[in-house]
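Letter by letter, the sequence shown follows residues 1 to 1136 in our numbering. Structure record follows, encoded as structure tokens.
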Amino acid sequence: MVPAAQLGFNLQPLLEQLSQDELNEFKSLLRPLSLQDELQHIPPTEVEEADGKQLAEILTNRCPSHWVEMVTIQAFDKMNRTDLSEKAKDELRGLQNQNARTWKRHNSVQEKRSQNLNSLQPRNSGGKKKKKQFTCFYIKLHLICILQRLHKCREKMSQTQKKRRKIRKERSQVCILSSWMSLVLFVNFSSFPFLLNTQYFFFSLMNNQLCPSYPLPPITEGKQDEYRSILEEEVWQSRKKNFWPEASENIHMVTQRYETLVPSCNAKMLAGPFAQTVVLHGAAGVGKTTLAKKCMLDWTQAGQARARPAALYLSCKALSRRGPCTLAELLADSAPGPRRALPRLLARARTLLLVIDAFEELRVPAAALARDLGGDWGARRPAPVVLGGLLKRKLLPAATLLVTTRSEALGELRLMVEQPLLVEVEGLSEPERRAYLRRQLGGEAQARRAWQLMRSNAALLRLGSAPAVCWMLGACLRLPADEGDDPGRTCRTATSLLLRFLCSRFAPAPGNCPRPRPRAPLRALCLLAAEGVWAQTSLFEPRDLRRLGVREADLRPFVDRSLLQESGECAGCYRFLHLSLQHLLAAALYVLGGGEGGPGWGARGVRRLLSKEEGRRNPHLAHVGRFLFGLANEDRVRELGAAFGCPVSTELKHELLACTVRSPESGPFSSVTDTRETLCRLYESQDEPLVKEAVAQVTEVSLHLKDPTDLAHASFCLKHCERLQKLRLRVEKGVFLDDDTASGSEAQAAGSQNDEHVLPFWMDLCSVFDSNKDLVFLDISQTFLSTSSVKILCEKLSSATHNLQKVALKNVSPADAYRDFCIVFGGHETLTHLTLQGNDQDDMLPILCEILRHPKCNLQCLRLVSCSASAQQWAHLSSSLEINQSLTCLNLTANELMDESARLLCKTLRHPKCFLQRLSLENCHLTEACCKELSSALIVNQSLTHLCLAKNALGNGGVKLLCEGLSYPDCQLQTLVLWYCSIGSNGCHHLSTLLQQNSSLTHLDLGLNHIGITGLKFLCEALKKPMCNLKCLWLWGCAITPFSCEILASALGNNRSLISLDLGQNSLGYSGVKMLCNTLKLQNSSLRTLRLRIDESDPRIQKLLKEVQESDPQLTIESDKQDPNNNRPSSHDFIF
């Protein structure tokens, strides 16, 4: 956990004024007031046992500062200790005043420096005098521009009502949803009369503001009104630029789940002067920027007229191109009015909202910025570094930050900000998209057809959340269909949709002469798009055009057809209608024939674009790679060439296969992430011969289906697999109808409609059981299915001719799916391994018992985990084990067997026809009472070699009973796991006696038992004896201290059988490790694996370990970095 920034008040003296009862009450309020589990990384016992001073250190150093400030004051108020809450607030206000004085001093110094420089200026210095005059002229010109802008704003605002009525009338004919209205957060529309006069209702999740302000130095109402007039005009212009053709205002109510993410909306959070970092993230084009600007406008309306907050806007697109500057210079361009007003705004940082827009456009890696941060407000640094200081709260820590970014850049952003409040902007909801299409297409029938197309196409459904893409889809559906042209086929993927839209913009109108085909401009546009992808920018300045040799005249045809837009951020700048269109055109550069823009373009060829290394550095390349596969379809490439009259290459398919599927280092199906991306690319091609060739040699696939889109991709590709041997499947909740949560007719109808669209894809995916005769392994884990999908899967499994040998079903929903699967696998003679985990139904075990009793059952390993069953059903299973002659491994972990069921199982172990070799009864609620039955079974049974009794409270008495059975010469047990069984030194004494009697026991796990020095001494006595056959000893987390290491080192020096020793999670220190290493260096030890808890920061320990390994190269020393709360025994992998 990264330490939080310094608090605005001193927490320790406040907590020390609480009595013990009050301190306990304060602790009890911390977790209920936590919004995002701010205390989840701190053990509850650590908080409960802390005094006032310790609790202050925990909260200050290990929790987000803004949360600590809020929860402290709110807890004091709930405890009726308003005296303490007022003290905290006073200190916060004092910090604000201190910031104001700091800014005054800073500006005073700057003015003195400026005066000194002017006084030192020689009167006859011509060059410098001209420079000074030019600077003064620039400042005057800047002030004049500001005054002119203010004057124009007043004139425009006076005619607001008239203009708004005219615009509403023009736009009411055909209404199209705007992107910034898809999610309304932090907005209070009561301050906009011209908007309230519309026929729409405005809903707000913010009760006036993000953070209420406290009384601050006054600012004149006239200046505040000028400031708001500027912001209103900017927001209005932004909205007009972001509307698609025929767009109008249409406001929607957001879901309640967003309320808990905003402090001022949540009843559990206290309103106060607390700095926040709010991150709006989402896909491109869903309205994050416009929404942020709307938040600025609403922020400035909060508070009284004489104490209103201020808001400043910073664009990362512009900052990436800016040179070194100070914080004041960086913010000056965004300040409302002359620069001399900036210090007054910054001095009131508690009421300042800083909007940092388009973080993903920052060209400097966040990791590099994090190493170069500074808190000097007057230092001149690169603009991105100054921005990093704001994000890291080294600068203006009291201000509220509102950051917008695309979701793929969240990982980089998290390196800069601490505990941000994340709000996902999802764009248009499904009802909004339906309404959008209805208004755009002008009829219910056409809209229903368009919605069915989008709903049946998971990829289009996801892209359709962006209003621009939704508009492009509607535009394509309005096109006159060619004979036999199916829009469902031509708009099946993002490539086909965008390509159809692109070509249609240059198609001649019916009855008109063909338009001239802009062959050369298309190449220029593709070059511009590709350069933007590699530079990770979507904004193109005039200097970018000049560098690439692109003329503005070349871009005019695309601007006129709404493919390219003139950006309002700077004069002469352009951006594409949507980021996906830029990605498509960047990919098109690789298929345009001839010239330098052909396939393998420059040093940025296909292989580099698709490489994993480049993809990690540049998230844009993944999208371009998908469009490359989309353009591998020869029909699409020819369509592009015909529309623009340019030669195209159809050889891209072979290069794509060579760079991905055929490349040994790429490993397209080596991981879940790579598999997901590969399937997405292949689906985008819609080229079945290409897909067949790509998956021809695939033998193992791990699928993680997160949404219907993933299901569509997997079904399209994997139905062509014919050599699949292993299949791992995980289906997230929401892909199918949730039988458990769907209630009511509306929910059932919506779920059924969803299943109607996804079940055909599911049927295609399940066809892999028909086409892959060599499939031997199936793992379905963490999966949420529906009744219909379970039925389809079981039908395919039962009818297909396959040779499944190992099947694992872990945490599958619905619960009755286990019963259906057991029925299917009952007649499979090839099945040898079966895992059933997470079932909460009791109707599965009887069917499983029938499988075990079947004469053709060849099941060798059965794993039943967390299976709820009655004592009678466990008895039925025990009797089935007496009949079955194939089962050798039985794992009953986490089942409530209790002593009675365990007694019946022990009776089975004593049966002469029981062939079990490995048995796990971990966490089965066994006690000392059942150890007598187990001991008697061990005496008789001669096949059992591995026994796991971990996480059962056996105690020293239980160990004594077990040792009695293990001491018999006929007992063949080799591995005994007693991990976390409440064993002490007395239990170790019984085990030591057993090990000295030539016992068959070779592997012993005593992890997480507090054996102490005495217990270790008993074990070491056994290790010294020549009759001890122990090979592996696990003492993970057994409270072994440095004082015990001398005893252990002596035992290792005399032992000749032990090959593996686990001392992980034991604090041995330098002295303890030194004693062990000295013995291992001097003695000819048989030890081959030693596991230690190593302090990697201690160079002395590192030197010792290096010397040991040099003296004995065959010895492997492992560093134990596991969580001490790990609930799995160290020997788990060895047993199964």
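Note that the Cβ used here is the ideal one computed from N, Cα and C, for glycine as well. Predicted model only: the values in this text are computed from it and were never measured.
Euclidean distance between Cα positions of residue i and residue j
i	j	result
P708	L352	43 Å
A398	R350	5 Å
T893	L949	9 Å
R863	V698	29 Å
D77	S85	7 Å
T326	T400	20 Å
C1045	L785	54 Å
W299	A292	10 Å
Q686	A694	13 Å
F644	S429	35 Å
R730	L804	18 Å
K1138	M70	Given that the chain is displayed from residue 1 to residue 1136, the structure contains no residue 1138 and the question cannot be resolved.
F825	M844	12 Å
H525	Q301	The residue asked about is misnamed: residue 525 is Leu in this sequence, not His. The alpha-carbon atoms of L525 and Q301 are separated by roughly 43 Å.
E1204	A450	It is not possible to answer for residue 1204, since the shown part of the chain is limited to 1 through 1136.
F9	L92	6 Å
K960	S671	47 Å
L724	L577	42 Å
C1077	E48	40 Å
L809	H704	15 Å
G957	Y980	15 Å
S46	L463	Residue identity check: residue 46 is Glu in the sequence provided, not Ser. Each residue's alpha carbon lies about 47 Å from the other.
S880	N1054	48 Å
I1011	L954	14 Å
Per-residue burial, residue i [other beta carbons within 10 Å of its own, 16 or more giving buried]
i	result
R439	buried
K856	exposed
R523	buried
T82	exposed
D554	buried
V758	buried
M181	Only weak support is given to the placement of M181: the predicted model assigns it a pLDDT of 30, under 50, and the value that follows is read from those uncertain coordinates. M181 should be labelled buried.
E16	exposed
I1013	exposed
D560	exposed
K1121	exposed
Beta bridge counterpart(s) of residue i as assigned by DSSP
i	result
V776	Partner(s): none; V776 has no beta bridge.
K806	F777 and H833
S1119	L1092
L422	V279
Close beta carbons around residue i, own chain, < 6 Å, minus the five adjacent residues each side
i	result
C659	V606, R607 and L610
C906	E933, L934 and A937
S771	E722
T678	P668
S1119	I1094
K132	In this prediction, K132 scores a pLDDT of 37, lower than 50, which makes its location untrustworthy; the coordinate-derived value is nonetheless stated afterwards. Counting only Cβ-Cβ distances below 6 Å, and skipping sequence neighbours, we find nothing.
G1069	P1042
P13	none
Proximal residues to residue i (C-beta, below 7 Å), its chain only, five neighbours per side dropped
i	result
F769	L775, K796, L797, A800 and H802
L631	T495, A587, A588, V591, V637 and L652
Q942	D970 and Q972
L656	V606, L628, F629 and A632
K706	E732
G1100	The residue you asked about is not Gly; residue 1100 is Arg in the sequence shown. Closer than 7 Å at the Cβ level, and outside the excluded window around R1100, lie Y1070.
Neighbour flag for residue i against chain C, beta carbons, 7 Å
i	result
K1025	Annotation note: the requested chain C is absent from the structure, which comprises a single protein chain.
Cutoff 8 Å; reference residue i; Cβ partners in own chain excluding five residues on either side
i	result
L1115	L1080, S1085, L1087, R1088, T1089, L1090, V1108 and Q1109
T945	Q917, R918, Q972, L973, Q974 and T975
L765	L711, A714, S715, L718 and K719
V2	Because V2 carries a pLDDT of 39, less than 50, the predicted location of this residue cannot be relied on, and the following value inherits that uncertainty. Excluding residues within five positions, the ones whose Cβ falls inside 8 Å are E418.
Contact the segment 23-31 vs the segment 409-416: 3+ CB pairs below 8 Å: As far as the Cβ criterion goes, the segment 23-31 does not touch the segment 409-416, which means the pair count is below three.
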